[in-house]
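922 is the number of the first residue of the sequence shown in my numbering; add one for each residue after it. Backbone N, C-alpha and C fix where the C-beta goes; we use that ideal spot for every residue, glycine too. In what follows, a single structure is set out as structure tokens and then discussed.
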Amino acid sequence: MTLLLHRPTGRVWSDGTDAGNPGGVMSWHPGTGEVRRFADDPQLAAFADGRLYGVSDDGSLVAVGRPVVHRGSKVDLAVVRLSDGAELLRTKRHLVYDVVFGAGGDVLLVEAFRSKPRRYVFDAASGGFDDRGELGIDYRTFTGERDPLANRFLSSAEGAAGRVISTDLVNGEVDEVTVPIPGVVRSIQFLGGGERLLVQSEEGVHCLTERWEPVWDAPVVGKVHVVPDGSLVCVEQFSTAHNPWGVEIVLDAVTGARVSQIESFEGRGRLACGLTGTAMLLHGGRSLDLASGEVSDAIVVPGFVEPREKDWAWG
């Protein structure tokens, strides 16, 4: 299920893989209410039923793909310019898991099945992206995030305690960095403008400066989210001993102090992405305000429909 907040433009993107969105690839601005659906644009309609893999910082390029059988199971991946529907990249060579845009949109990291992440670089002469091959170290891109202050990508080093992988997106150089974290790093993301990082380990959430200096620790394990205004950190636990639907543990982003605990319930939906302020979007289209714990009575995303029970039932 793909729902993501594109922070530079404030738009929420979704595709047809979310049970509540039958309309395919679309974007919506919560502030203005403006909706853009690929299906309504003749230049983009051919990509409307694809899965959304990523959006460039300036919002001008999107990566979309659909499964195909091409010498085995693959993804027909396209990087498309929204202004005119031009395909800057089209490939069916890989079973793609993830796409990361570099700063400026001129570099792509593509993670695929049974391969190290590949680096594609835009060539002004050809007007498209050239395949520069695999990186020197294998890692999963979903465990990391691009640095807002530098054109590099940080990800966890699976199986190596206290190790982080840093990829220079400009030249493709990859290094391993030792960080003051106990146990294996599970995920990394940036807080605010990039001056601080949130690192999830086997023992909890750790806030560090960009120079890897400790700021605070919280002994809570789960999926980490940051609200759009950067004031709160949420650790999502999908199930607990007393609540099979899970809980959200809300922390103060400055101090790491526990602010509250929000109990999930049947059919509410898990956290999907940020919305505005301290509000998060839930799978299915409702919203949850992490400051108050309130869930919206109605679906907030235009075009979303109430998912059927089989779409949100867990196991």
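Start-to-end residues for the beta strand (DSSP E) that takes in residue i
i: F1050; result: G1049 to E1055
i: F917; result: As displayed, the chain neither begins before 922 nor continues past 1236, which places residue 917 out of reach and without an answer.
i: G975; result: R972 to V976
i: S948; result: M947 to W949
i: Y1041; result: R1039 to D1044
i: W934; result: R932 to S935
i: R906; result: Nothing about residue 906 can be reported from this structure: the residues present for the chain run from 922 to 1236 only.
Residue i to residue j span [Cα, whole Å]
i: F1022; j: F968; result: 19 Å
i: R1053; j: T1012; result: 14 Å
i: D936; j: T1062; result: 20 Å
i: T1199; j: S1047; result: 43 Å
i: G941; j: W934; result: 13 Å
i: E1187; j: V1156; result: 19 Å
i: W1233; j: G1205; result: Because the pLDDT at W1233 is just 48, under 50, the model does not fix this residue reliably, and the point stays unresolved.
i: N1164; j: V1154; result: 21 Å
i: V1171; j: V1180; result: 5 Å
i: T1103; j: P943; result: First, the residue type needs correcting, since residue 1103 is Pro and not Thr in the sequence shown. So the alpha carbons of these two residues sit roughly 44 Å apart.
i: V1001; j: Y1060; result: 26 Å
i: I1086; j: E1097; result: 5 Å
i: R1035; j: E1055; result: 11 Å
i: W1235; j: A966; result: Confidence at W1235 is low in this model, with a pLDDT of 43, below 50, so the placement of that residue is unreliable and no value is reported for it.
i: W949; j: G1080; result: 39 Å
i: G993; j: E1032; result: 17 Å
Distance CB(residue i)-CB(residue j) smaller than 8 Å
i: G931; j: D979; result: no
i: S1276; j: L1016; result: Examination of residue 1276 is not possible in this model, given that the chain is present from 922 through 1236 alone.
i: C1194; j: L926; result: yes
i: S1208; j: L1196; result: yes
i: T1099; j: G1114; result: no
i: G1151; j: I1109; result: no
i: R1073; j: D1089; result: yes
i: A1024; j: L1010; result: no
i: V1020; j: G975; result: yes
i: P1140; j: P1101; result: no
i: G971; j: A960; result: no
i: S1122; j: R1132; result: no
i: R1189; j: L1203; result: yes
i: R1039; j: V1028; result: no
i: H862; j: L1112; result: Beyond the ends of the chain as shown, which are 922 and 1236, falls residue 862; an answer cannot be given.
DSSP beta-bridge partners of residue i
i: V1000; result: A984 and L1010
i: G1195; result: M1201
i: F968; result: Partner(s): none; F968 has no beta bridge.
i: S1208; result: L1202
field: Minimum length 3: unbroken beta strand (DSSP E) runs contained in the segment 1079-1152
entry: 1084-1089, 1095-1099, 1106-1112, 1117-1122, 1126-1130, 1135-1139 and 1144-1147
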